[in-house]
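Here the protein sequences line up with chains D and U, keeping their order.
What the first sequence shows, in my numbering, is residues 1 to 327, in sequence order.
What the second sequence shows, in my numbering, is residues 1001 to 1327, in sequence order.
Just so it is clear, CB atoms sit at the ideal spot from N, CA and C, and this is done for glycine as well.
To start, the structure under review is shown below, and the notes come after it.
Protein chains: 2
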Amino acid sequence: MFIFSEKDIRQVTDVNEKALELIEDGFKKLAREEVTMPPILRVDIPENNGEVDVKTAYVKGMDKFALKISSGFFNNPDKGLPSLSGMMLLFSTETGFTEAVLQDNGYLTDVRTAVAGALAAKYLAKPKMKTAGIIGTGTQARYQLRALHLVRSFEEVLVYGRKEERVHQYIKDMEDTLGVKVRAAESPEEVVRHSDTVVTTTPAKEPLIQKEWLHPGLHITAMGSDAEDKNEIHPSVLEEVDVLACDSVSQVFRLGEHHHAAEAGVLKESSNTLELGHLALGNEKGRENDEQVTFCDLTGTGVQDTAIAVYAYDKLREAEKGIRFPE
Amino acid sequence: MFIFSEKDIRQVTDVNEKALELIEDGFKKLAREEVTMPPILRVDIPENNGEVDVKTAYVKGMDKFALKISSGFFNNPDKGLPSLSGMMLLFSTETGFTEAVLQDNGYLTDVRTAVAGALAAKYLAKPKMKTAGIIGTGTQARYQLRALHLVRSFEEVLVYGRKEERVHQYIKDMEDTLGVKVRAAESPEEVVRHSDTVVTTTPAKEPLIQKEWLHPGLHITAMGSDAEDKNEIHPSVLEEVDVLACDSVSQVFRLGEHHHAAEAGVLKESSNTLELGHLALGNEKGRENDEQVTFCDLTGTGVQDTAIAVYAYDKLREAEKGIRFPE
């Protein structure tokens, strides 16, 4: 069994073309029903405002599969600690033996989540866009913008966040990283009204985005909601758009924006929501013209975890990183 | 984060009084509803005759909780490898951070499973017994007998196994370990008819034990079945006995002998099956006289895993074992 540190993992993996290709391949296999993906196991520790999620997926034909444990303990910042942590484990699909512990503290999740956003834009955003919009100023706000840049060029970025200093830092960081002009917006409304593609990256529990702000050509990717109580998008938006897409239909109706739209009665489970895997396979058409309004709901899937963890493992072994245990 | 090897874990933990006390305490907390125990997450890899189970339990008031990953890959023996492997992870219930990786390859599961058998006997076996019966000759056949010996004295042991050489090895090993006479039985029937307490430890998929063999004073613990398709005890046995007990009512009706009895229509989910935790708390009475026939169905619970993993961790830290990662 090998053990790899976050530092080593960061050195060999990033939001890039290769990760995009692998995650896309994972979604294709999901669409072809070549993936076994059990429901998420979740433990709540309400006394400490904490939750632990376990995700996994077995992809037929792969010699390893990942099991991911992610913790969110939201009193941690009061103690000067990060809220999120976690690791991925890799097991042999031939023997069941543990091959690796990837002590990534959520880094690989950040990468695979951002890359799913890039895939959504690849099939749903206008081919030529001018302005990218980001709601939120955290880690995913950064990774999602970098991932979007892999598949679309844009001239400027509009960002909205509630804390001014975090918005300033975001602008500085992203202008340095991408060399694109980034401006602060006064409101989510300003971002949506003036962007071609918007990515929402917040842990909001009340809708941030209203249907009145939609305009021809707009694409929205909502990646914030991954639990029943999270909600970034007003249900009426899902009713209004021309193309609805997601990572996994069964998951978004349980954990994503679709869940709230279904509860509000504007969407049925049998609705025509397309999965990224079917878009990638060409079984379904995404955006067909520059007038359509499109929407993609991301909750994060085990198949992304397996794809990124196996990739990281191979690169780490190649670079002779990590320690073998027991020696 | 600390990482501990199987070798180190074996040095500090065993089937003993202390483990019994801690597992009993865990069952009491389960009975008092002080435990959050989500359903087991399971991944099947049918191509390689493999399965991976994830169990966990959060026990209120404990500063850590365990997540256990167990693999069973039943083509492994053909490759000269053990079928079972696995590890336990320990997380802080205050921060969600990973505290330890216990690379025990199923050893702690063996211990906590055996100790649950001892608890069943503590409350359900006759106080004075002459003969202990064991069906099966594998690892649990050994640990269960040692665990039974913690709570009951017996003069002799009757063992049944299908392979003669494994029976001989079992007899030799257990006579050495316990200093008690061990004899081979010709059949499961002989074991049941001539023993006061019987423990079944097989992965059988067809019933081994029939109700015609029951006799006054008999206690049976069935620990083999922990999955829908496993079945050691004929459903009519569960209908016949005077006292029915188990580790977790919700689990045994899904994974244990109760599941088959319910399918056969001889048992209802509302049946009066007692949980070990309630027996330990004194809320319910186990055996009341030497004439009753008693039965306990064990499927293995996350609360046992958390109890044994935290115990092992504390002993390992005390003994300054393991390595810290990253250094």
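- 8 Å contact criterion, which VAL182/D and GLU175/D should meet: CB distance rounded: Indeed, because the Cβ distance is near 5 Å, the residues count as touching under 8 Å.
- Message: For a test of the three-state rule: what should DSSP assign to ARG142/D, helix, strand or coil?
- Response: Note: ARG142/D maps to helix in three-state DSSP.
- Message: ARG152/D and ALA125/D - do their beta-carbons sit closer together than 7 Å?
- Response: With respect to the 7 Å criterion, ALA125/D and ARG152/D are classified as neighbours on the basis of their beta carbons.
- Any C-beta of chain D sitting closer than 7 Å to the C-beta of ILE1045/U? At least one chain D Cβ lies under 7 Å of ILE1045/U.
- Message: Cutting at 6 Å between CB atoms, please list the residues of its own chain near LEU276/D, excluding the five before and the five after it.
- Response: Contacts found: PHE27, LEU119 and ASP247.
- Message: I'd like the span of the alpha helix (DSSP H) that includes ALA1319/U, first residue to last.
- Response: Judged by DSSP secondary structure, ALA1319/U falls outside any alpha helix (DSSP H); it is assigned neither H nor E.
- Message: The beta strand (DSSP E) that contains LEU1090/U, what's its start and end?
- Response: Where LEU1090/U is concerned, the enclosing beta strand (DSSP E) stretches over 1084 to 1092.
- Task: Pull up the distance between the alpha-carbon of GLY61/D and that of LYS68/D, whole angstroms please.
- Result: Distance between the alpha carbons of GLY61/D and LYS68/D is about 20 Å.
- Message: Which same chain residues end up closer than 7 Å to HIS149/D when comparing Cβ atoms and leaving out the 5 residues on each side of it in sequence?
- Response: Here HIS149/D has LEU178 as same chain residues with Cβ atoms under 7 Å from its own Cβ, once five neighbours each way along the sequence are excluded.
- Item | Cβ-based burial, PRO1235/U [other Cβ within 10 Å; buried from 16] | That one is buried.
- Task: Would you kindly report the start and end of the unbroken alpha helix (DSSP H) that includes GLY61/D?
- Result: Careful: GLY61/D lies outside any alpha helix (DSSP H) and carries neither H nor E.
- Who are the Cβ neighbours of SER83/D in its own chain at under 7 Å, not counting the five residues just before and after it? Closer than 7 Å at the Cβ level, and outside the excluded window around SER83/D, lie GLY72, PHE73, PHE74, ASN76 and PRO77.
- Message: Here's the rule I'm using: 16 or more other beta-carbon atoms within 10 Å means buried, otherwise exposed. How should ARG162/D be labelled?
- Response: Under this definition ARG162/D is an exposed residue.
- Query: Under 7 Å between C-beta atoms, does PHE2/D make it to chain U?
  - Reply: Chain U has no Cβ within less than 7 Å of the Cβ of PHE2/D.
- Residues in the region 1089 to 1107 of chain U having any Cβ partner in chain D nearer than 8 Å: With the criterion set as a beta carbon lying under 8 Å from some beta carbon of chain D, the members of the region 1089 to 1107 of chain U are LEU1089, PHE1091, THR1093, GLU1094, THR1095, GLY1096, PHE1097, THR1098, VAL1101 and GLN1103, in sequence order.
- Check GLY50/D in the structure and name its three-state DSSP category. Strand.
- Query: Nearest CA to the CA of LYS321/D: which residue from LEU30/D, SER271/D, LEU102/D and SER70/D?
  - Reply: LYS321/D has its Cα closest to that of LEU102/D, out of LEU30/D, SER271/D, LEU102/D and SER70/D.
- Query: Relative to the alpha-carbon of ALA1036/U, which residue among LEU1108/U, GLN1304/U and PHE1325/U has its alpha-carbon at the smallest distance?
  - Reply: Here the sequence assigns Thr to residue 1036/U, which means Ala is not the residue at that position. The shortest Cα separation from THR1036/U among LEU1108/U, GLN1304/U and PHE1325/U belongs to GLN1304/U.
- Show which residues of chain D have a CB atom less than 7 Å away from the CB atom of MET1087/U. For MET1087/U, the chain D residues whose C-beta falls within less than 7 Å of its own C-beta are THR98, listed in chain order.
- Query: For the alpha helix (DSSP H) that contains ARG287/D, what are its first and last residues?
  - Reply: Careful: ARG287/D lies outside any alpha helix (DSSP H) and carries neither H nor E.
- Query: Once you ignore the five residues that flank ILE220/D on each side, which residues in its own chain have a CB closer than 6 Å to its CB?
  - Reply: Closer than 6 Å at Cβ, skipping near neighbours: VAL198 and PHE295.
- Message: Looking at GLU1024/U: is its Cβ nearer than 7 Å to the Cβ of ALA1280/U?
- Response: In this structure, ALA1280/U lies closer than 7 Å to GLU1024/U by Cβ.
- Using DSSP with H/G/I as helix, E/B as strand and the rest coil, what is VAL15/D? Note: VAL15/D maps to coil in three-state DSSP.
- Query: Smallest Cα separation from VAL237/D: which of ALA185/D, THR109/D, ALA147/D and GLY265/D?
  - Reply: Checked all of ALA185/D, THR109/D, ALA147/D and GLY265/D; the closest Cα to VAL237/D is GLY265/D.
- Is the beta carbon of PRO216/D less than 7 Å from the beta carbon of ILE233/D? Note that the C-beta distance between PRO216/D and ILE233/D is not below 7 Å.
- Taking all protein chains shown into account, decide if GLY80/D is buried (16 or more other Cβ within 10 angstroms of its Cβ) or exposed. Exposed, because fewer than 16 other Cβ atoms sit within 10 Å of the Cβ of GLY80/D.
- Hey, could you find the ends of the alpha helix (DSSP H) GLY1133/U is sitting in? First-last for GLY1133/U: 1131 to 1135, but that is the beta strand (DSSP E), not the alpha helix (DSSP H).
- Item | Neighbour list for ARG1324/U in chain D, Cβ cutoff strictly below 8 Å | Residues of chain D passing the Cβ test: none, with the nearest at roughly 11 Å.
- Along the region 1259 to 1285 of chain U, what residues have a CB closer than 8 Å to any CB found in chain D? Cβ contacts with chain D come from no residue of the region 1259 to 1285 of chain U.
- Does the beta carbon of ASN231/D sit closer than 7 Å to a beta carbon anywhere in chain U? Not one chain U Cβ lies under 7 Å of ASN231/D.
- Task: Starting from ALA1114/U, follow the alpha helix (DSSP H) in both directions and report where the run begins and ends.
- Result: Counted as a single uninterrupted DSSP element, the alpha helix (DSSP H) harbouring ALA1114/U occupies residues 1107 to 1124.
- Does PRO207/D have its Cβ less than 7 Å from a Cβ in chain U? Judged by the 7 Å Cβ criterion, PRO207/D is not in contact with chain U.
- Interface residues of chain U around SER5/D at Cβ under 8 Å? For the C-beta of SER5/D, the chain U residues within less than 8 Å are, from N- to C-terminus, PHE1325 and PRO1326.
- Mapping DSSP to helix, strand and coil, what is GLY1302/U? If DSSP states are grouped into helix, strand and coil, GLY1302/U belongs with the helices.
- Query: With 7 Å set as the bound, which would you pick, yes or no: does the beta-carbon of SER1187/U sit closer than that to a beta-carbon of chain D?
  - Reply: Residue contact with chain D for SER1187/U: absent (no Cβ-Cβ distance below 7 Å to any residue of chain D).
- Message: Please report the straight-line C-alpha distance between PRO127/D and TYR1107/U, rounded to a whole angstrom.
- Response: PRO127/D and TYR1107/U have their C-alpha atoms spaced approximately 56 Å apart.
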